[in-house]
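To start, the structure under review is shown below, and the notes come after it.
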Amino acid sequence: MVVPGSQHIEDKMYNPPAELQRDAHVPDFNSYLALYRKSLENPEGFWKEVADEFFWKKPATGPMLQYNFDMTKGNIYVKCMEGAKTNMCYNVLDRNVKERNLGEQVAYYWEGNSPDHHMAITYRQLLSQVCRCANVLKQMGVKKGDRVSIYLPMIPELVYTMLACARIGAVHSIVFAGFSSDSLCERIMDAQSRILVTADGVYRGEKLINLKQITDEALEKCREKASSTVTKCLVVKHHALRAKGGAACNKLQTPWDSECDVWWDEAMRDAPEECEPEWLDAEDPLFILYTSGSTGKPKGVLHTVAGYLLYTSLTFKYVFDHHHDDVYWCTADIGWITGHSYITYGPLANGATSVLFEGIPVHPHVGRFWEIIEKYKVTKFYTAPTAIRLLMKYGREPLQKYDLSSLRILGTVGEPINPEAWHWYYDVVGRGKCPVVDTFWQTETVNVLLCFVLANGKHLATFPFFGVEPTILNEHGEELEGEAEGYLVFRRPWPGIMRTVYRNQERFENTYFRKFPGFYVTGDGCRRDKDGYYWITGRIDDMLNVSGHLMSTAEVEAALTEHSAVAEAAVVSRPHKVKGECLYCFVTLKDHREFTHTLVEELKRLVREKIGPIATPDFIQNAPALPKTRSGKIMRRILRQVARNEKDLGDLSTLADPKVVEILFSQRCEAA
Ligand code: PRX
């Protein structure tokens, strides 16, 4: 969506090519409006039609949606299709193989970190691997409702494991394999997982990562903090078998505990290929996925079976205008919600053929994305602004070597896209022929706002998805009509909205529903223009968005203050050419401690260790004191201005000691 201040140059209509429009599910704006109105006026009928596409072991006895969004009237809840019984895995695999005759269709083209590693997996093969993995998990004692933590890179086993959990009613909790052992430990402990699934190691570009060692460190930390709930660790032999030419080239020492660890290939060898799905209640949990919370402790966002199925399948179909001959590629990692919804569940529910990519955009060369698009004749391509900005740096040349004419629709997600990146995406990657669909959403919501590409549209602004009713409130909670700017909130649920924060309903209600009773509060700012388009203006809380990854200032501050030299820390964002935003940290040292280059390096390392490489600060500044109000609250607005070198500070009357600001400006970091 849009970067504030850029509207004047972007308020322009872009029309999709006529041939795309002709075959589209939503060919024009009036068709969109008709469907949208139906979804709000008759949600029961609208969602029932969507549900009819899927298999229900038992039909619903309750309405399609029941809810309370008003804390003053009782607990917040959302229920979809009460009484129905189904299974997610059955619907995304067995239904495609057995009822839709898609068994021989490719579900995934897996493309490894190295271009030499690739394979095609059909729906039938996927089903068989998933069933075997489900049997392995069952044999390890996993039962319905148990949590399974998954710490895997982008390899087929990641998809097998998550669908195997879905098949037997276990709740998967995937932890992005770039997170540190501390972050993994925290997530295992909160989910109280029984089983951990990981791999020996993985190459990310040229870098070899010993995942098993990180896993062991995490489990050790869990044991130190409490008695660990993990009884077994299932380890995929990925590096040893696939990477760099097989076992002879294995450069890793894989730590091994024969009491707990089990090799994946040994366990899978004799596992049967049949596994009866566990028929679950519509509102049984499907997965937990942790997302940053403004207090620093990650929140376990919980999604449930039926609603998530309906919503991811429908959004996938319409957002990417899916057709059976498409080859779709989402470059996200399954460790994030984008991958859960738009690599695994949404595409499979539609019987799509997707690319599953393990590597990074610049390895072994900066044209890797374009090479893959040509290789698989990708038609729909979904990536993040940060990747576009990274690739823009290398100019047009790397693209010109490849045939990108298969592309029909481009998508972006994760953070506001700046007009320059949008134009490069549209003009250079899409050659002015592919609509760009900008999808705004959150771990909590699944897709909610999107530009209906095949309706005529302003390219950086957007309309709500079916069933979603956004509105804009001012600070006092008053609804703003017409052209307006304020808090983006939602008045009612849709099937795919989160159900709770795992084991913390109170936090769920306080985070999303306390500020404005009756509404789900996104934490994002938004502007509605005179034509009714919504423009996202960015977070209005203490969250940062670095390369499309949301993190809280509190989380990074907590990591910094763990250093023995640091008395206090405050973290703000500063614009960054590739990452969108980067971390600018202010640290106040304890008496007699010196601010040195070594200390800066130590602090950066500490944050990497505590959270993961994505949170590495770009700037760390010495702050003899922090600007505070008389009541002791840190004035982040001022720190942001120091970080950005904006000297027009406005009203400073609440500041306890104005001299602090002068000192901070004099010591600010120019370059990283
Ligand atoms: O601030 C919004 C931003 O990312 C936040 C959600 O982050 P997360 O839960 O990690 O999910 C990311 C993938 C959906 C939002 O609150 N955001 C996401 N997409 C966009 C965006 N901001 C602007 N435009 C977008 N398209």
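Positions 1 to 672 (the UniProt record's numbering) are the ones given, in order, by the sequence shown.
Beta carbons are placed, not taken as given, at the ideal position from N, Cα and C, and that holds for glycine.
This structure is a prediction, so every number in the text was calculated from the model and none was measured.
Element boundaries [alpha helix (DSSP H), containing residue i]
i: Y382; result: That residue, Y382, is in no alpha helix (DSSP H); its beta strand (DSSP E) goes 380 to 383.
i: S354; result: Here S354 belongs to no alpha helix (DSSP H); instead the beta strand (DSSP E) covers 353 to 357.
i: Q505; result: 505 to 512
i: G307; result: 305 to 319
i: F46; result: 43 to 51
i: P156; result: 156 to 168
i: T462; result: Taken as a continuous stretch (DSSP letters only), T462 belongs to no alpha helix (DSSP H), as it is neither H nor E.
i: Y342; result: Premise fails: Y342 is in no alpha helix (DSSP H) and is neither H nor E.
i: S181; result: 181 to 191
i: A419; result: The sequence shown places Pro at residue 419, not Ala. Start and end: 419 to 423.
i: V429; result: First-last for V429: undefined, no H or E at that position.
Extent of the continuous beta strand (DSSP E) run through residue i
i: N135; result: Taken as a continuous stretch (DSSP letters only), N135 belongs to no beta strand (DSSP E), being part of the alpha helix (DSSP H) at 123 to 139.
i: F619; result: 619 to 622
i: T412; result: 409 to 413
i: L196; result: 195 to 199
i: Y402; result: Counting along the chain, Y402 falls outside any beta strand (DSSP E), and DSSP gives it neither H nor E.
i: L208; result: 207 to 209
i: R528; result: 520 to 528
i: V97; result: Run containing V97: none; DSSP gives neither H nor E here.
i: P470; result: 470 to 473
i: H597; result: First-last for H597: 597 to 610, but that is the alpha helix (DSSP H), not the beta strand (DSSP E).
i: K654; result: The sequence as given places Thr at residue 654; Lys does not occur at that position. Neither: T654 is in no beta strand (DSSP E) and is coded neither H nor E.
i: T588; result: 580 to 589
Proximity of residue i and residue j at Cβ, strictly below 8 Å
i: residue 699; j: R389; result: Nothing in the structure corresponds to residue 699, since the chain is present only between 1 and 672.
i: V130; j: A170; result: no
i: residue 699; j: K604; result: One cannot answer for residue 699 here, as it falls past the ends of the chain, which runs 1 to 672.
i: S292; j: S552; result: yes
i: V50; j: P493; result: no
i: C585; j: L550; result: no
i: E278; j: I168; result: yes
i: I614; j: G178; result: yes
i: L449; j: Y345; result: no
i: E358; j: G112; result: yes
i: T304; j: L286; result: yes
i: V436; j: T412; result: yes
i: D281; j: K85; result: yes
i: T462; j: D427; result: no
i: F440; j: E469; result: no
i: G307; j: P495; result: yes
i: G518; j: D541; result: no
Outcome for residue i when other beta-carbon atoms lying within 10 angstroms are tallied against a minimum of 16
i: M13; result: exposed
i: residue 693; result: The requested residue 693 is not part of the displayed model; the chain covers only 1 to 672.
i: F508; result: buried
i: A120; result: exposed
i: A643; result: buried
i: S193; result: buried
i: F55; result: exposed
i: N30; result: exposed
i: E594; result: exposed
i: T61; result: exposed
i: N15; result: exposed
i: N474; result: exposed
i: H592; result: exposed
i: P575; result: exposed
i: L639; result: buried
Same chain only: Cβ atoms within 6 Å of residue i, ignoring 5 sequence neighbours per side
i: A625; result: V660
i: F547; result: In the sequence as displayed, the identity of residue 547 is Ser instead of Phe. Only T386, K579 meet the Cβ criterion.
i: S341; result: T312, V446
i: Y394; result: V366
i: V92; result: L348, A349
i: M392; result: W424
i: Q66; result: K79
i: residue 683; result: Examination of residue 683 is not possible in this model, given that the chain is present from 1 through 672 alone.
i: L234; result: V197, V262, W264
Close beta carbons around residue i, own chain, < 8 Å, minus the five adjacent residues each side
i: V327; result: Y109, T353, S354, V355, Y376, K377, V378, T379, K380, S406
i: P115; result: P364, R368, E371
i: Y90; result: F55, R167, P277
Proximal residues to residue i (C-beta, below 7 Å), its chain only, five neighbours per side dropped
i: I188; result: S149, L196, A218, C222, V230
i: M635; result: P627, K628, T629, L655
i: P658; result: L652
i: S228; result: L219, C222
i: L544; result: M551, T553, S573, E581, L583
Among all residues, which have a Cβ less than 6 Å from at least one non-hydrogen atom of the ligand PRX, and in what chain order do they fall? Qualifying residues, in the order they occur: M1, T291, I337, T338, V413, G414, E415, P416, D438, T439, F440, W441, Q442, T443, T522, G523, D524, I536, R539, N545, L550.
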